[in-house]
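Novice: For what it's worth, the working numbering labels the leading residue of the sequence shown as 48, then goes sequentially. Every residue, glycine too, gets a C-beta built ideally from N, C-alpha and C. One structure, pasted below without further comment.
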Amino acid sequence: MVAFYTALLSSMIVSNSVLAGYKGLCSYLGISKKSSSAFGMGVALTFVCFFSGLICWGLGFLLRELEIYDFMFTIVSILVISSLVQFTELVIKKFFPSLYKTLGIYLPLITTNCVVLGLALQVGAYTDASSFPEVLATVLGVPLGYFIVIMLFSCIQERLETSNTKYNFKGAAIGLVATAIMAIAVYGLGGVI
């Protein structure tokens with residue numbers, strides 16, 4: 048159980064996909080202007096990552112058994128991710144129309160988000176069935192880490208909108224500086240977990 052929590056914290060904080068791996072920066076910078084839209088994106092990405100990660104982990108075993116893993120796994124992973132994104136988009140459009148309008152183009156772009164595909168490829172590479180606790184920690188930790196970081200960054204963005212920032216640093220420039228400072232803080236935790 049300790050290994051599960053260690054892997055969970057490691058994938059959430061120390062090996063954070065945005066701050067340590069620089070994955071998913073387009074949606075991270077684009078959708079984090081308001082906390083409500085960042086929350087919606089974080090929940091949608093967490094849902095897609097969790098289920099696509101588990102499905103791709105199982106499909107990795109099947110494709111290895113059929114001896115077609117090497118050339119089919121990436122394509123199958125993209126199909127799984129696309130299907131889950133379409134399902135998520137339909138649910139959000141039906142039950143949360145204002146969130147659907149707020150997320151705009153970023154919702155279907157979850158399909159091409161590096162965080163989701165990177166996670167699917169990472170867990171698909173596990174070859175041992177006894178690695179399920181580590182896979183579960185990874186498919187929970189990576190999207191939750193993204194969720195935490197995008198929520199923190201949206202709060203920083205909202206604060207920066209009301210602050211007196213120099214003209215040259217308005218917008219993406221100060222956002223990238225804030226992201227770099229957050230990445231340095233996460234990098235400092237590298238030896239802890």
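1. Can the beta-carbon of I157 be found closer than 7 Å to that of Y147?
2. Leaving aside the five residues before and after Y173 along the sequence, list all residues of the same chain whose C-beta is less than 8 Å from its C-beta, in chain order.
3. Enumerate in chain order the residues of its own chain whose CB-to-CB distance from G89 is below 7 Å, with the five nearest sequence positions on each side excluded.
4. Give me the Cα-Cα distance between E205 and C96, rounded to the nearest whole angstrom.
5. Expressed to the nearest angstrom, what Euclidean distance is found between the alpha-carbon atoms of K141 and F134?
6. Please return the same chain residues whose Cβ sits closer than 8 Å to the Cβ of V61, not counting the five positions on each side in sequence.
7. Starting from D117 and walking both ways along the alpha helix (DSSP H), at which residues does that stretch end?
8. Are the CB atoms of G71 and V162 nearer to each other than 7 Å?
9. Using DSSP with H/G/I as helix, E/B as strand and the rest coil, what is L154?
Specialist: Reading from the atomic positions:
1. The sequence position of residue 157 within the sequence shown is 110, counting from 1. The sequence position of residue 147 within the sequence shown is 100, counting from 1. Against a cut-off of 7 Å, the Cβ pair of Y147 and I157 comes out as no contact.
2. Residue 173 sits at position 126 when you count from the first residue of the sequence shown. Contacts found: W104, G107, E181 and V182.
3. Numbered from its first residue, the sequence shown carries residue 89 at position 42. Result list for G89: Y193, F194, I197 and M198, in chain order.
4. Position 158 of the sequence shown, counted from the first residue, corresponds to residue 205. Position 49 of the sequence shown, counted from the first residue, corresponds to residue 96. Distance between the alpha carbons of E205 and C96 is about 27 Å.
5. For the purposes of this step, residue 141 is taken as the residue at position 94 of the sequence shown. For the purposes of this step, residue 134 is taken as the residue at position 87 of the sequence shown. Roughly 11 Å separates the two Cα atoms.
6. Mapped onto the sequence shown, residue 61 falls at position 14. Here the set comprises A67, V233, L236, G237, V239 and I240.
7. The count along the sequence shown starts at 1 and reaches residue 117 at position 70. Per DSSP, D117 belongs to the alpha helix (DSSP H) from Y116 to F142.
8. Counting from one through the sequence shown, the residue named residue 71 turns up at place 24. Counting from one through the sequence shown, the residue named residue 162 turns up at place 115. Yes. Within cutoff.
9. Locating residue 154 in the sequence shown gives position 107, counting from the first residue. Coil.
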